[in-house]
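Shown next, in structure tokens, is the structure this report addresses.
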Amino acid sequence: MSYDIKRSVSLYSYQDEYYDKKLDLEGCLRETAKTGATGVELLAEQMIRRFPLPIETEEFRNQWFEWLKKYNLEPSCYDAFLENHLYDNRMLSLGEQINMMKRDIRLASLLGFKNLRTLVSTPMDVIEGSLEYAEQMDVKIGLEVHAPFSLNSGWADGYMEMIHRTGTKYFGFIPDMGIFCRNIPDVVRDKARRHGASEECIKIVDDAYAQRIEKGFVKIKYDLNLGKANMDYRMANGMQEMMDAVKAAGGGPADMEYAGSSFTYSWSDPQDIIDNIDYIFHTHAKFYNVHEDYKETAVAIPEVIEAFKKAGYKGYLSSEYEGGEHLRADMPVDSIEQVRRHQEAMRRAIEE
Amino acid sequence: MAGRQIYNPDGFKNIEADGKTVGYQFEFKAQYYRGITLSIVRDIKINVDGEDVKREDIRFTVNNETFTLEEMRTVIDSDYRWEFGDYATVSVMKEGGLSKGNHHIHAVQVIDPSYMPFTIEAVCEADFTIE
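The listed protein sequences correspond, in order, to chains A and B.
full-length UniProt numbering applies: residue 1 is where the first sequence begins, and numbers increase by one.
full-length UniProt numbering applies: residue 1 is where the second sequence begins, and numbers increase by one.
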């Protein structure tokens, strides 16, 4: 099947340089263009001060589109955060949440985005209540499928039912490639070592992860109580046994942390992409560490991109670097180099 | 090798008012990856030299506007977000401030992004000197 796989960078990737004020918004766009990517994904709340006011002004929008032209970038996806726990004493009402979602759809549209990422915590009613507006504004709402969630699962079925019932073309999934981790990223293991984890405990955790892959991950169920769904998922995937083994081996805080963090990663069959391709219009190409030889240490980039090709995917793979959080407490982070390597790794997998 | 900078190294100082030292202040960045409304900063816990600071003695300043932690619960104005990568100034009301010399701070930022099943509790520690 013919495919059209394009490369984008999520500016989330450059958060450490932005934090240190080495890059500003324009600097991030410049770096994105240098990697050869043609798309840009934006977290407006991360890099636009006084959110959302500037987006309402022509002055800012003119600047934004001038930059996109200058760096030959196309807006790929707008990452929204439905802040429905804005106040500590209550959740926003359904109507308030729908209004917030509509605001974000409008902001996305003002900046030229056709896709909006929403998070797994977005209630179904809020999505359904925003569909008509999304269609009117021609912005698709994509639900991020991030570990521990996965496609072809009881959790995804809940949304699939809604898609079929409403017949909407304006809602789908944004898979996060962290659901295709062959193993726990090396930067996480190295951090555990720096914090004093023992090789014995690390092996117990790595073996348990390998076993989860071998047996197949027990998938997460649909439950509005995400904390409960997550805990049930962990237990079903052998968390108790692994924790007991780590404890029995004399595991301390660093060992327990490494064991717990292993559930941040999961392995889905890349076939899931092919099965769900009609509902995928954007993808977070999550990664943790790409070495000089362009090998990602955890995410199975070539296999997953092969599945996207087979499926005939037409859309962006957007680099989302998340290794920095395992380095930044102890050492500098070079997101610019990481993104460059990741883009090259994807280019090779797409073109070769 | 050094990790990221959380506190402004030049931000630790006593606060003078009407010729008296009424407290001390420091500046730090939110340990999260986007700008946030102050309403989702659920708490700032501070311990200096082993002594806990009372919640009501804390003042939080962004963009030249100062709030108590209690007031922050309802602050959602765009002009007063804790912008990503920007320092917020935290003041502690304490008669006499801190003594000249070396001190240690252990602060916790409690931030509650709505999509997370648990709040972020970022521990921020540093040694500093009051001159």
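The C-beta atom is built at its ideal place from N, Cα and C for all residues, glycine as well.
Of the other Cβ atoms in all chains shown, 16 or more fall within 10 Å of the Cβ of SER318 (chain A); this residue is therefore buried. Judged by their CB atoms, ARG341 (chain A) and TYR265 (chain A) are not nearer to each other than the 8 Å cut-off. In the three-state reduction of the DSSP assignment, TYR87 (chain A) falls in the strand class, which pools E and B.
Here the stretch 42-59 of chain B makes no contact with the stretch 6-26 of chain A; the two share fewer than three CB pairs at distances below 8 Å.
Our two residues, LEU143 (chain A) and PRO113 (chain B), have alpha carbons roughly 17 Å apart in a direct line. With fewer than 16 other beta carbons inside 10 angstroms of its own, LYS203 (chain A) counts as exposed. Straight through space, the alpha carbons of SER150 (chain A) and LYS219 (chain A) are spaced by roughly 7 Å. Rounded to the nearest angstrom, the Cβ distance from LYS191 (chain A) to HIS326 (chain A) is 4 Å, consistent with a contact under 8 Å. Under the 8 Å criterion on CB atoms, GLY312 (chain A) is classed as non-interfacial with respect to chain B. In chain order, ALA44, ILE48, ARG61, LEU107, LEU110 and LEU111 place their CB closer than 8 Å to the CB of ILE55 (chain A), counting only its own chain and leaving out the 5 sequence neighbours on each side.
For the 8 Å CB-CB criterion, HIS282 (chain A) and CYS77 (chain A) form a contact. A contact is defined here as three or more CB-CB pairs under 8 Å, and the stretch 87-95 of chain B fails this definition with respect to the stretch 120-129 of chain B. A residue is called buried when at least 16 other Cβ atoms come within 10 angstroms of its Cβ; VAL126 (chain A) meets this threshold and is buried.
MET1 (chain A) and GLY312 (chain A) do touch by the CB rule: their CB atoms are close to 3 Å apart, below 8 Å.
GLU351 (chain A) sits exposed, since fewer than 16 C-beta atoms from the chains shown fall within 10 Å of its C-beta.
C-alpha of GLY238 (chain A) to C-alpha of ALA229 (chain A): approximately 15 Å in a straight line. When the beta-carbon positions are compared, SER335 (chain A) and GLU17 (chain A) come within less than 8 Å of each other. Between the stretch 270-279 of chain A and the stretch 193-212 of chain A there are fewer than three inter-stretch CB-CB distances shorter than 8 Å, so the stretches are not counted as touching. Taken in chain order, the unbroken stretches of beta strand (DSSP E) that lie wholly in the stretch 4-86 of chain A and span 3 residues or more are 4-10, 39-42 and 74-79.
For the UniProt domain "C-glycoside deglycosidase beta subunit" (4-115) of chain B, the full-length beta strand (DSSP E) segments reaching 3 residues or more read 13-17, 20-29, 41-48, 58-62, 65-68, 87-93 and 101-111 along the chain.
At a cut-off of 8 Å between C-beta atoms, HIS195 (chain A) does not count as an interface residue with respect to chain B. At a C-beta separation below 7 Å, SER121 (chain A) has these neighbours in chain B: SER114 and TYR115. Beyond the five residues adjoining it in sequence on each side, LEU23 (chain A) comes within less than 6 Å, by CB distance, of TYR14 and GLU17 in the same chain, given in chain order. Neighbours of PHE81 (chain A) in chain B, taken as residues whose beta carbon is under 8 Å from its own, are ARG34, PRO113, SER114 and TYR115 in chain order. One finds TYR19 in chain A with Cβ atoms closer than 8 Å to the Cβ of LYS29 (chain B), taken in chain order.
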